[in-house]
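Enquirer: Here full-length UniProt numbering is used: position 193 in the sequence shown is 193, and no number is missing along the way. For every residue, glycine included, the Cβ atom is placed at its ideal position computed from N, Cα and C. It should be emphasised that the depicted structure is a prediction, and the values quoted were computed from it without experimental measurement.
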Amino acid sequence: MSEKRIVEAAGGILYRIVRSIGSMNKPLSADDVEVCLVHRPKYDDWSWPKGKLEPNESHRHAAVREIGEETGCSVTLGPFLGEVEYPLSSEGKKMRHAGQATAKSTMKHVQYWMAKQISDDDTWHVREAFGPIHAADVGEINETVWLPLAKARKKLTHSSDRDILALFVDRVQEGALLATPLLLVRHAKAEPRKQWDGTESNRPITPKGAAAAFAISRELACYNPVELATSPWMRCVETIEMLSWQTKRDIRALEPLTEDAFATDPDAAWVCFSQQISHVAETGNTLAICMHRPVIGGIFEHLRALCTQKSLAKKLVAKSPYMATANALALFFVRTPDGPRIIDIQKVTPIVY
């Protein structure tokens, strides 16, 4: 029996904050938001910007690329929204849904993120790490429109798109409009300890690790990292310096996050890391921090208490190795009266081929 074929795609809800003078002193709400819809002349429908994954492309990268191509806006990803699946043969039909599938149907599976536009300066910095984005052909997208949520819901052609909008509203109620990610990166594969004759702080990454470090930069670029930090030990520096070189962003060293410093004073490591969390929450600047396996385990113990849901805390694995080498987690923080809290955690994995 042949397996059902699945076409993978990704996209998102591109939003912007538009506040009236009378609401300036009130907390942000769904009333302060406009979202971008695109019109596809081939299907004569209004939907969210999205598209198929290219070969050797992740869903998150495809989401940023497709939103950029179809709206003309350079964007950064926010919290994850959800996914839909429907028969490819029903693309563009108003009543498309997964229930129409048959055993032989080719399905289209789409993942969606929140997304917001970044500045021209940030676009310049991230362009080499992310790669080129080309405008969609007029035969693919011939119109875009910004609408308040209520009007957007009425204009959307497909019920599945309205379902994603409902998830967006849920995220807004969590405070996601002002959520900023901190990218926690584990360094790439390093030379084995037993085969290294130099000092532990100078143990470098392997050629295979270097390939993974290059690949993870492409994924981290989807979140527009404005600031970069790392343990000053070589394997961490080498992992993050590719992203530094591509984005023309400086790296700052965080001494308390070395393995030796953590072993001596794990509380100082957490104080250092929590200061970075506060910095991210206060400035809105996405920060990528490269760290060691043991330090990550210690940091996870503290981060679980900051998660707004138990399901999020479970994503912070409680046993070694905690996360694979050259992998990252995008931790989305919001400010609350009780301090920063995590509302979303996204696993970020490089594609090496």
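For G82, name the three-state secondary structure that DSSP assigns.
Expert: Three-state DSSP puts G82 in a strand.
Enquirer: Ends of the beta strand (DSSP E) at I164?
Expert: That residue, I164, is in no beta strand (DSSP E); its alpha helix (DSSP H) goes 159-174.
Enquirer: Answer with buried or exposed for V352, where buried requires no fewer than 16 other C-beta atoms within 10 angstroms of its C-beta.
Expert: V352 is exposed by the Cβ-count criterion.
Enquirer: What's the gap between the Cα of K347 and the Cα of A324?
Expert: The straight-line gap from Cα to Cα measures roughly 10 Å.
Enquirer: Is it right to say W196 is buried, meaning 16 or more other beta carbons lie within 10 angstroms of its own, or is it exposed?
Expert: Exposed is the call here.
Enquirer: Quick one, are the C-beta atoms of F214 and M242 less than 7 Å apart?
Expert: Yes, these two residues count as a Cβ contact at 7 Å.
Enquirer: For G139, which option in G131, H39, V317 has the closest C-alpha, if you only look at C-alpha atoms?
Expert: Residue H39 is the option with its Cα nearest to G139.
Enquirer: Just list the residues that DSSP pairs I342 with in beta bridges.
Expert: Paired residue(s): C307, F333.
Enquirer: DSSP three-state label for G297, please.
Expert: Looking at G297 - three-state DSSP - the assignment turns out to be helix.
Enquirer: Identify the residues that DSSP records as bridge partners of C36: which are they?
Expert: According to DSSP, which records beta bridges pairwise, C36 is partnered with W146.
Enquirer: In or out: residue 386 buried (at least 16 other Cβ within 10 Å) or exposed?
Expert: A query on residue 386 cannot be resolved here, the shown segment of the chain reaching from 1 to 353 and no further.
Enquirer: For the pair the region 183-192 and the region 204-220, tell me if three or more CB-CB distances fall below 8 Å.
Expert: The region 183-192, when compared against the region 204-220, does touch it at the 8 Å Cβ threshold.
Enquirer: Starting from G68, trace the alpha helix (DSSP H) in both directions and tell me its first and last residue.
Expert: Unbroken alpha helix (DSSP H) run through G68: 59-71.
Enquirer: Which first and last residues belong to the alpha helix (DSSP H) in which G209 is found?
Expert: Looking at the DSSP string, the run of the alpha helix (DSSP H) that includes G209 is 207-220.
Enquirer: Count the other C-beta atoms from every protein chain shown that fall within 10 angstroms of the C-beta of S160, then say buried if there are 16 or more, exposed otherwise.
Expert: By the 10 Å Cβ count, S160 comes out buried.
Enquirer: Within the same chain, show all residues whose beta-carbon is closer than 8 Å to that of A115, passing over the 5 residues directly before and after it, in chain order.
Expert: For A115, where only same-chain residues beyond five positions count, the Cβ hits under 8 Å are G12, I13, L14, Y15, A63, V64, I67, V75, T76, L77, G78.
Enquirer: Leaving out five residues before and five after L167 in sequence, what residues of the same chain have Cβ atoms less than 7 Å from its Cβ?
Expert: The answer, listed in chain order, is L81, G82.
Enquirer: Pull up the distance between the alpha-carbon of T349 and that of L178, whole angstroms please.
Expert: The straight-line gap from Cα to Cα measures roughly 25 Å.
Enquirer: Count the other CB atoms, across all protein chains shown, that sit within 10 Å of the CB of M1; report buried if there are 16 or more and exposed otherwise.
Expert: Residue confidence is low: M1 scores 44 on pLDDT, short of 50, so the model does not pin down where it sits. Its coordinate-derived value is still stated next. So M1 ends up on the exposed side.
Enquirer: State whether the region 141-153 contacts the region 29-45, with contact taken as three or more CB pairs (one from each stretch) at a distance under 8 Å.
Expert: Yes, they touch.
Enquirer: I need the boundaries of the beta strand (DSSP E) containing S47, first residue and last residue.
Expert: Run containing S47: 45-47, per the beta strand (DSSP E) assignment.
Enquirer: Output the boundary residues of the beta strand (DSSP E) element that contains E8.
Expert: Counting along the chain, the beta strand (DSSP E) containing E8 begins and ends at 6-17.
Enquirer: Here's the rule I'm using: 16 or more other beta-carbon atoms within 10 Å means buried, otherwise exposed. How should P256 be labelled?
Expert: Label assigned to P256: buried.
Enquirer: Sort G298, V185, K314 by Cα distance to A326 and report the nearest one.
Expert: Ranking the options by Cα distance to A326, first place goes to V185.
Enquirer: Judging by CA-CA distance, which residue of T258, I299, L316 is the nearest neighbour of E200?
Expert: Cα-wise, what sits closest to E200 is T258.
Enquirer: L287 lies in the beta strand (DSSP E); which residues open and close that run?
Expert: Run containing L287: 287-291, per the beta strand (DSSP E) assignment.
Enquirer: Rounded to whole angstroms, what is the Cα-Cα separation between V317 and H292?
Expert: Going from the Cα of V317 to the Cα of H292 covers about 15 Å.
Enquirer: Is T258 helix, strand or coil by DSSP?
Expert: Residue state, collapsed to three classes: coil.
Enquirer: Starting from L184, follow the beta strand (DSSP E) in both directions and report where the run begins and ends.
Expert: Note, L184: beta strand (DSSP E), 180-186.
Enquirer: Can you give the Cα-Cα distance for E227 and A263, rounded to whole angstroms?
Expert: Taking the straight line joining both Cα atoms gives about 26 Å.
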